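Residue numbers (our numbering): 465 to 995.
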């Protein structure tokens, strides 16, 4: 009720203020009014010295009071992570199951509503957590629901309407309190959804894993094209607005791109390890696994598997494991009387979305800025090994997909959207602040409340792993069990789990590693029998 009262009061003040021709400005073209305001100030202050002007310009470039905190969805999801860390993953999955009204210890009704509000995101989180605790049917059901919703939403296109919305809302698309709206899944997240769904099918022993993996490859191409077009359009709009202001001699007095770039600079080293967020090789890798399994019954399919692995290598060219795999598949046949075992380990958590807040100081205004920022989550795990029953190492793990890097690369590549949005926010906030300042304490109260309510959308797929590792080896007929062990940086054992292999077929093993927790699963009966 208080919020509605404040909105009503602010609107009333604004109407009264705009009715006065002394203060009125062009709402349709705030940049024009902004430029005129600056020119007016310049005329009124022609007596100022060059030194005073330089001092003002220096003040305008300040970005102060930097802070990064949890808020909204990311803050609520900390409770989910806490329960998982306590070994209560079975309890957590009940939170996401359809029509489940069970009370979850540590998560109250308000937090539950925040976590489940966006149907797409709730299904993605639930599907990933169900995979982690071996609930294959639940995982497939929720991944399928999420995919269906995403397909229905994908008729949205990047157009002039979208760009005008970014500008007109003054950054509301990324800085408004918009967690009540639908969750718009990022392109790279859609690809990962299908990657993980293909893992579930492999664990079920179903060839459907191949079809889903191929779909992830096609989606990645489509999403990259859509993303490139979107960023190109945003850059053009940003250049247009910058030129518009420069032509009217209404420069803001600082390099906004540079200021925002500095706020995210600490993430650049990791982000720069990838050329794009759409170079995920995992779809090709899963395709290769399926084709390699089938090549034991039809050796002509070895070339198909090799080609898939080569395409994965194209997207991860420095990966030694993939290079060796390609060379291995150039051989005419696999070793006789041995089973092929593929092992996938998903480790850690993807970077968390938090609120980055800082102030931009400019003439007569101290403008608060709030933006989303991905903050990496440290993992205790430094090394993963796989052993036979006698403790002999069977293979080394190699990082196939660096999801943390994909996330941070996406953040870097979306910088133009943040710049355009904050550019608009500054213009809007400058005028709102100027108006409200005319009304003393009441105006200050309204301005403070508006700033408090302005919070970025903190939603993201937070149960994703930070990294996906792979290992592969040939198992002799007498190998019944394998053991997966994780170690920290000092070589101390964090967790270990053994799993029984199917002696009658090839094997696929999946493990989820989170610090000192480890969940390990092997496939159900394979769709293809060994000759």
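Where is the CB? At the ideal position from N, CA and C, for every residue including glycine. Here the structure is a predicted model, which is why all the values come from computation and not from measurement.
Query raised in the report: Terminal residues of the continuous alpha helix (DSSP H) containing residue 727?
Result: 720-727
Query - Whether residue 846 touches residue 529 by CB criterion (7 Å) - result: no
Report task. Under the assumption that residue 559 contacts residue 568 (Cβ atoms under 8 Å), give the Cβ distance between them as a whole number of angstroms. Result -> 5 Å
Query raised in the report: By Cβ distance below 6 Å, which residues in the same chain neighbour residue 681 in space, the five residues on each side in sequence not counted?
Result: 747
Requested in this report: Identify every residue that forms a DSSP beta bridge with residue 981.
Outcome: In DSSP, residue 981 forms a bridge with 978.
Report task. Consult DSSP for residue 688 and reduce its assignment to one of helix, strand or coil. Result -> If DSSP states are grouped into helix, strand and coil, residue 688 belongs with the helices.
Query raised in the report: Using the C-alpha atoms, what's the distance from residue 673 back to residue 760?
Result: 18 Å
Requested in this report: Look at the alpha carbon of residue 614 and the alpha carbon of residue 654, and state the distance between them as a whole number of angstroms.
Outcome: 8 Å
Query raised in the report: Quick one: Cα of residue 997 to Cα of residue 924, how far?
Result: Only positions 465 to 995 of the chain appear in this structure, which leaves residue 997 out of reach.
Query raised in the report: Are there three or more Cβ pairs, one per stretch, closer than 8 Å when the stretch 861-872 is compared with the stretch 927-936?
Result: yes
**Report entry** 7 Å Cβ shell around residue 649 - same chain, five flanking residues per side excluded
**Finding:** 584 and 614
Query raised in the report: Where does the unbroken beta strand (DSSP E) through residue 760 begin, and where does it stop?
Result: Unbroken run through residue 760: none, as it is neither H nor E.
Requested in this report: Please list, in chain order, all residues of the same chain as residue 769 whose beta carbon is under 7 Å from its beta carbon, the five residues on each side excluded.
Outcome: 752, 755, 756, 759 and 793
Requested in this report: Mind listing, in chain order, the continuous alpha helix (DSSP H) runs of no fewer than 4 residues lying wholly within the stretch 773-835?
Outcome: 784-793
Report task. Determine the closest residue to residue 533 out of 839, 992, 774 and 657, with distance taken between C-alpha atoms. Result -> 839
Report task. Sort out for me which residues DSSP pairs residue 964 with in a bridge. Result -> 945
Query raised in the report: Whose C-beta lies closer than 7 Å to the C-beta of residue 815 among residues of the same chain, with five residues either side of it excluded?
Result: 838, 839, 840, 841, 868, 871 and 872
Requested in this report: Less than 8 Å between the CB atoms is what I'm expecting for residue 651 and residue 687, so what's the real figure, rounded?
Outcome: 3 Å
Query raised in the report: With which residues is residue 877 paired in a DSSP beta bridge?
Result: The partner list for residue 877 (beta bridge, DSSP) is empty, contrary to what the question assumes.
Query - Contact check, residue 589 vs residue 543, beta carbons under 7 Å - result: no
Query - CB contact flag (residue 536, residue 922, <7 Å) - result: With respect to the 7 Å criterion, residue 536 and residue 922 are classified as neighbours on the basis of their beta carbons.
Requested in this report: Measure the Cβ-Cβ separation of residue 600 and residue 656 and say whether it is below 7 Å.
Outcome: No, Cβ-Cβ distance for residue 600 and residue 656 is not below 7 Å.
Requested in this report: With DSSP as the reference, please indicate the residues paired to residue 862 in a beta bridge.
Outcome: 934
Query raised in the report: With 16 as the cutoff for other CB atoms within 10 Å, does residue 977 come out buried or exposed?
Result: buried
Query - Extent of the continuous beta strand (DSSP E) run through residue 560 - result: Run containing residue 560: none in the beta strand (DSSP E); it sits in the alpha helix (DSSP H), 553-560.
Query raised in the report: Can you give the Cα-Cα distance for residue 851 and residue 884, rounded to whole angstroms?
Result: In a straight line, the C-alpha of residue 851 is about 52 Å away from that of residue 884.
Query raised in the report: Hey, how far is the Cα of residue 979 from the Cα of residue 809?
Result: 13 Å
Query raised in the report: For residue 555, which residues of its own chain have a beta-carbon under 8 Å away from its beta-carbon, when the five flanking residues on both sides are left out?
Result: 547, 568 and 569
Query raised in the report: Taking just the CA atoms, how far does residue 603 sit from residue 664?
Result: 7 Å
Query raised in the report: Under the three-state reduction of DSSP, which class applies to residue 889: helix, strand or coil?
Result: helix
Query raised in the report: In three-state terms, what does DSSP make of residue 986?
Result: strand
Requested in this report: Reducing DSSP to helix, strand and coil, say where residue 604 ends up.
Outcome: The answer is helix: DSSP assigns residue 604 an H, G or I state.
Report task. Determine, using beta-carbon pairs with one atom in the stretch 691-699 and one in the stretch 960-978, whether at least three such pairs fall under 8 Å. Result -> no
Query raised in the report: How about residue 974 and residue 806: are their beta carbons less than 7 Å apart?
Result: no
Report task. Flag this pair as yes or no: are the beta carbons of residue 962 and residue 947 separated by less than 7 Å? Result -> yes
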